[in-house]
Structures are given as C-alpha cells and as structure tokens.
DNA sequence: GAAATAAATTGATCTACATCAAGCGGAAAA
DNA sequence: TTTTCCGCTTGATGTAGATCAATTTATTTC
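Protein chains in written order, with this note's numbering: chain A, 1 to 192; chain B, 193 to 384.
Listed below in structure tokens is the structure:
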C-alpha cells in the first residue's frame, strides 16, 4: 500500500534510506470504501493526504442541497482542505471516495517536521502548491470565458487519463453545468 | 515609494536592520501610468511584484479579442504571472495599471535569495501563496455554484475597500458576465 | 439472474444572461 | 463653450443552458 507513495517520492526527489524511513515511520495508511468520507463538512481537516489508489472528489453542498465538485484526485495526487487546515476552522467541504481507495496520511505536525528536516521534501511540496495555484487560475479563466462545450472538451483532454472513470453527473458538477446539459453536449459532439 | 512595502514587511515579520537593507538593496522601484503594461502577453514574467500604490488588473484576451480579468491588485497586494515565472514560458496574460501605480519589483533570483537567506521572509511568501490558493478555490466554487447577482454581491462585500475604484465593466469581466447584465443587476438591487 | 437502484438520455418548456442597438450624462480635450 | 469620447443605462430580442418529466440503459444487490 505504501509502495505507490514511495515510488512517487523516488521519481520526485533523492532521499537517503534514513530519510525514507523517517517519512514512512510517520505515515498513516487508510483504506476507503466507495462513497466513504475522508472529510466531512464541519470537521477540521488535520492532514496531508496522498492518494495511492482510487479516485476521490472534494465538494461543497449549497443551501439547496446541491453538490458542487471543486476537485478530483486520483493515484499520485494530493487532496485535502488547505483552508480548514491552515485556519483550523471547520471545513465547508466534503471529501469522499468515488471508487475504493487507499490513501497515505500525514498529520500536519509530522508533515511540517518532514518539510523542515528534509529540505528537498519541503521544496517538492512548495512546487506542488505553486503548480496547483496555476491550475486553479487556469480553471478560473476557463470558467469565466468559455462555453459549457469548451469547458467539457478541455476537461476530457486535460484529464484524459481518468476522465472515463468519473460518472458524467460528477463531471457536470465540476464544470458547473447540469447533467442533462452535459449529456446533450456529448451527443452533439459525437454527431459531428 | 518604498515606505509602503517596508511598512507591509514590518507588519508581517521581524527583521534586523541588515536584513531590511538586504531586501531594500535588491528592490526595483517602478512607476506606471494609468493603462501602462507591467506585463504583456508573449513576454516572460521575471519578477515578484508588490503594489505600493494604485490598482492593477491581470487578464487574458481570447480569440474573439475579449478581455477576461482573472485578478485585481491594489496597495499591499502582490501581482504577477506565476505560471510564466515558474516555467519560463511566454505569458498568455497581461497586467496593466487601472490607475497610476507604483510597484516594488524583485527579480526571481534575488527573491529566491532573500527567501533562503531570511527564513521568515520565505515563510511569509509561502503563507501568501497558500492563502491565494484558498482564495482561488473559493472563487472556483462561487463560479460553478452561484448566480450572477450572488457573485456580484459577494464581490462588493469581499472587496468593499476597493470595489468602487474599479470600472463596472471590469468587475463584470472579472465575474464572467456582460457589463449590461451587471448594470441591470445593480439597478435591480437598488430598487429593493 | 431477476429485482431494485442508480445513471444517462431525450423531449418540451422556461429563464437567466447575452446580444444588438440606441441614448444619456459626465469628464476630458480642443 | 462645444465637441468628442467613454462609462453606463435601457429596451427589444435571441439563445445557451436550466428545469421538469418521462424513458431507457447500466449497475448493484440479493
């Protein structure tokens, strides 16, 4: 279960065996069944979570009870509510498993300890955050400037490797459109 | 001109006089007239920019020539294209001055040097990036889940301190709606 | 492998927002 | 002062996407 994470690390940075062991020693392995929550609205998020297997989503539920997905994560991606973690405030978000999943968790304290003891690790983390920032900025641009069809085409191109693992209704939610609309867009595309 | 930045630093972190001097010694002061570019599409962004006076915007221009504003910055905010900076690729974005502005620039090299020589500064930068990440994530949620009117009300509440300095058409662009629509929303609100 | 449940499609209609176009008021230029 | 421009408003109409509702097609579950 830890293998995927170790391989991920090996691809990103060079570590001594002691460093590897340090990281491993504070890791927490967790399995999640499909539909199981990793984080539930109202709870305070305390971790840094690496997905070693499966597919997850992070979403908010509005006053009308509608779900709005703001993030998907699969193998080798990180997931979590950084806002709740940073401010130690109850999360307004939910994270749950779209498929049976395995995750590697680090408490924030341990994670910070690793970052400071192993600079390469800290740098890797900063790089990931920077990249995520850019991804979000591009998504904002897309959301204010593109049509539903363009957003969908961008999505399946950008996330080609896992897009087919995600139910259409969830993709629609992520794009901010209705499932019916996405269905029509798809049938429109295949006709072309 | 440098005062605003120095005061900003003093509010955020404690520095020795030597450290202050180090930072100051590599700072670049720049004045911008209204409408002047700080970054133009196609150029590679090389800096970290702090706005000490005025109001700026960052935006993309689409194939139809329409501008889409993805960010506003005022006094005490940072601005820049982190994607272009990180990858050293030509920027797809423009940054220009909405009012006459003053900015404090640091080349990326000097900025990294400061971050590593003055850990408190580096930590401050990481905190800013984390916060920006959260801001962007909230904006994504808003954009996929709220009506035009809700987005506008959120905007003027969140950015009450400078919202009135920004032309309505630009606010509309930022929200991903048309100026006519925003005008109608506003007249609808005041009637209530 | 049938029954039950959930996901996706399809049609009819509705609405929020866009588009096109004209006009107004206020600031800047001449 | 007049002229020009620009930001904003207002009206008439168009349209992308939403809503409501009925089926069909997959997936679970027993």
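Using N, Cα and C, we set each Cβ at its ideal position, and we do this for glycine too.
Residue i vs residue j beta-carbon contact at 7 Å
i, j, result
"residue 237 of chain B", "residue 265 of chain B", "no"
"residue 29 of chain A", "residue 262 of chain B", "no"
"residue 33 of chain A", "residue 326 of chain B", "no"
"residue 68 of chain A", "residue 358 of chain B", "no"
"residue 104 of chain A", "residue 5 of chain A", "yes"
"residue 95 of chain A", "residue 39 of chain A", "yes"
"residue 367 of chain B", "residue 343 of chain B", "yes"
"residue 289 of chain B", "residue 248 of chain B", "yes"
"residue 340 of chain B", "residue 373 of chain B", "yes"
Chain B contact residues for residue i, given Cβ-Cβ distances below 7 Å
i, result
"residue 82 of chain A", "322, 325, 326"
is_contact[residue i, chain B] using C-beta, thresh 7 Å
i, result
"residue 48 of chain A", "no"
"residue 114 of chain A", "no"
"residue 192 of chain A", "The predicted position of residue 192 of chain A is uncertain, since its pLDDT is 48 and thus under 50; no value can be drawn from it."
Under 8 Å by beta carbon: chain B residues contacting residue i
i, result
"residue 176 of chain A", "335, 336, 337"
Reduced DSSP secondary structure (H/G/I, E/B, other) of residue i
i, result
"residue 75 of chain A", "coil"
"residue 226 of chain B", "coil"
"residue 193 of chain B", "coil"
"residue 218 of chain B", "coil"
"residue 283 of chain B", "coil"
"residue 301 of chain B", "helix"
"residue 19 of chain A", "helix"
"residue 149 of chain A", "helix"
"residue 239 of chain B", "strand"
"residue 10 of chain A", "helix"
Cβ of residue i within 7 Å of any chain A Cβ
i, result
"residue 254 of chain B", "yes"
"residue 331 of chain B", "yes"
Contacts that residue i makes with chain A (C-beta to C-beta distance below 9 Å)
i, result
"residue 278 of chain B", "127, 130, 131, 134"
Can you list, in chain order, the residues of the region 65-81 of chain A whose Cβ is nearer than 7 Å to any Cβ on chain B?
-> Result list: 68, 70.
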